[in-house]
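Just below is one structure, and these are the notes that go with it.
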Amino acid sequence: MAPQTTALTDESTGTLTLGGELEVRRLGFGAMQITGDGIWGPPEDHDESIATLRRAVDLGINLIDTADSYGPDISEELIAEALHPYPEDLVIATKGGLTRTGPGQWPRDARPEHLREACEGSLRRLRVDRIDLYQLHSPDPKVPIEESVGTLKELQEEGKVRLIGVSNVSTAELETAREIVSVVSVQNRFNLEDRASEDVLARCEELGLAFIPWYPLAAGALADPGGPVSEIAEVHGATAPEIALAWLLARSEVMLPIPGTSSVEHLEDDIAAAEIELSDDELAQLNAG
Ligand SMILES: NC(=O)c1ccc[n+]([C@@H]2O[C@H](COP(=O)([O-])OP(=O)(O)OC[C@H]3O[C@@H](n4cnc5c(N)ncnc54)[C@H](OP(=O)(O)O)[C@@H]3O)[C@@H](O)[C@H]2O)c1
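Just add 60 to the spot in the sequence shown (first one is 1) and you have my numbering.
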């Protein structure tokens with residue numbers, strides 16, 4: 061029989077208080093993978109996607125990341141189907157600013173009129189009066205970021221959005237956004253293989269903003285047989301994804317990874333990462349890349 065997965069606790073993950081208001085554990089769930097192939101259409105196994113969402117919450121996850129563009133619509137609809145009415149401490153973070161034209165295609169649209177429409181759709185699908193954390197999915201090169209973020213500020217003033225985050229931004233874009241509105245989180249790609257956002261992470265640390273790394277499980281060649289990730293995984297009796305997450309959790313106190321999966325088994329694996337303590341030597345090996 062497989063060992064029981066230990067539920068997350070505030071101690072095992074550490075916590076972050078988003079915008080000084082919403083306390084969450086530092087290991088969330090990314091709800092992009094619960095849709096169909098190419099993040100398009102319904103999942104192959106609807107019941108497994110629902111079970112994965114419910115198990116995530118049962119195991120102590122209290123931040124779920126999604127977007128109107130995942131499916132599109134499907135991820136948010138499944139979250140509501142699985143979890144509404146929501147537990148009081150559950151923070152649902154969604155995003156607007158991308159559109160979908162087919163599997164794997166993600167054209168940007170962060171015009172004010174589109175963001176307004178996207179936010180209304182998310183409110184409806186998630187069945188909430190106010191979105192806990194609304195993130196600009198990506199700056200749109202055709203629209204000044206001031207206009208996009210200014211729209212999120214208006215939505216906040218109208219009570220439709222509680223806290224605001226940004227995603228896929230440079231440090232300069234983060235600063236521009238912060239001149240307009242109080243930003244509580246940044247969601248950029250960051251993992252063992254891709255550390256291009258080190259400067260953004262450093263700025264989040266200075267400011268006390270949550271840094272939410274997407275694609276957190278990637279380890280590239282480091283996870284090849286004989287590579288540091290595989291060797292460290294073997295020592296801990298763990299999987300490579302668990303080591304990738306344990307490294308992220310140890311990397312910074314503002315780090316809040318959101319691994320995504322459509323399977324309960326993989327979810328339990330990912331959650332087990334919170335129990336792994338990497339030694340200084342192991343961290344040094346992984347930091348060296
Ligand atoms: N802001 C943005 O632009 C942006 C972009 C991409 C993603 N995101 C967010 O970030 C979240 C995570 O990113 P991601 O999904 O790209 O990357 P990820 O979480 O690093 O990797 C997901 C992939 O890993 C597999 N997986 C998960 N746990 C596993 C395990 N224990 N063992 C083996 N395979 C495992 C999943 O497949 P299975 O389903 O088979 O487990 C899936 O293919 C997304 O859900 C989404 O919320 C944001």
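Glycine is no exception: its CB is placed at the ideal position from the N, C-alpha and C atoms. Source: prediction; values computed, not measured.
Heavy atom of ligand 1 less than 7 Å from the Cβ of residue i, yes or no?
| i | result |
| --- | --- |
| V65 | Going by the sequence as given, residue 65 is Thr instead of Val. No, since every heavy atom of ligand 1 falls outside the 7 Å radius drawn around the Cβ of T65. |
| Y146 | no |
| S182 | no |
| D284 | no |
| L275 | A quick correction: the sequence has Tyr, not Leu, at residue 275. Yes. |
| N228 | yes |
| H296 | no |
| G131 | no |
| A91 | yes |
| H106 | no |
| D329 | yes |
| A278 | yes |
| G157 | no |
| Q247 | yes |
| G320 | yes |
| P290 | The question names Pro, but residue 290 in the sequence shown is Ser. No, Cβ of S290 sits at least 7 Å from all heavy atoms of ligand 1. |
| D59 | Here the chain covers residues 61 to 349 and nothing more, so residue 59 does not appear. |
| T69 | no |
| T161 | no |
| S323 | yes |
| P301 | yes |
| T364 | Limits of the chain in this structure are 61 at one end and 349 at the other, which puts residue 364 out of reach. |
| H326 | yes |
| H197 | yes |
Please state whether DSSP places residue i in a helix, a strand or coil.
| i | result |
| --- | --- |
| Q165 | strand |
| Y311 | Going by the sequence as given, residue 311 is Arg instead of Tyr. Here R311 sits in helix by DSSP. |
| A293 | helix |
| M61 | Summary for M61: the model assigns pLDDT 45, below 50, so the residue's position carries little reliability, and this model does not support an answer. |
| I224 | strand |
| T73 | helix |
| L82 | strand |
| G90 | strand |
| D330 | helix |
| T66 | coil |
| G320 | strand |
| E335 | helix |
Does the structure place the stretch 158 to 177 close enough to the stretch 140 to 147 that three or more beta carbon pairs sit under 8 Å? no
Segments of 4+ residues assigned as alpha helix (DSSP H) that fall wholly inside the stretch 226 to 283: 231 to 240 and 258 to 267
Sufficient close CB pairs (3 or more, under 8 Å) joining the stretch 83 to 92 to the stretch 124 to 134: yes
Give a yes or no on contact between the stretch 279 to 294 and the stretch 315 to 325, applying the rule of three or more CB pairs nearer than 8 Å. no
For the 8 Å Cβ check, are there 3 or more pairs between the stretch 330 to 345 and the stretch 301 to 311? yes
Any contact of the stretch 204 to 211 with the stretch 184 to 191, i.e. 3+ C-beta pairs under 8 Å? no
May I have a chain-ordered list of the beta strand (DSSP E) segments no shorter than 3 residues that lie completely inside the stretch 146 to 211? 151 to 156 and 191 to 196
Would you check if there are 3 or more beta carbon pairs closer than 8 Å linking the stretch 266 to 282 to the stretch 239 to 252? yes
Across the stretch 103 to 120 and the stretch 225 to 235, are there enough close Cβ pairs to call them in contact, namely three or more that are closer than 8 Å? no
Is the stretch 153 to 172 in contact with the stretch 208 to 225, if contact means three or more CB pairs nearer than 8 Å? yes
Threshold first: 3 residues or longer. Then list the beta strand (DSSP E) segments lying entirely within the stretch 113 to 144, N to C. 123 to 125
Please determine if the stretch 151 to 163 and the stretch 193 to 202 are in contact, where contact requires at least 3 C-beta pairs separated by less than 8 Å. yes
Does the contact criterion of 3 or more C-beta pairs under 8 Å hold for the stretch 212 to 221 versus the stretch 260 to 275? no
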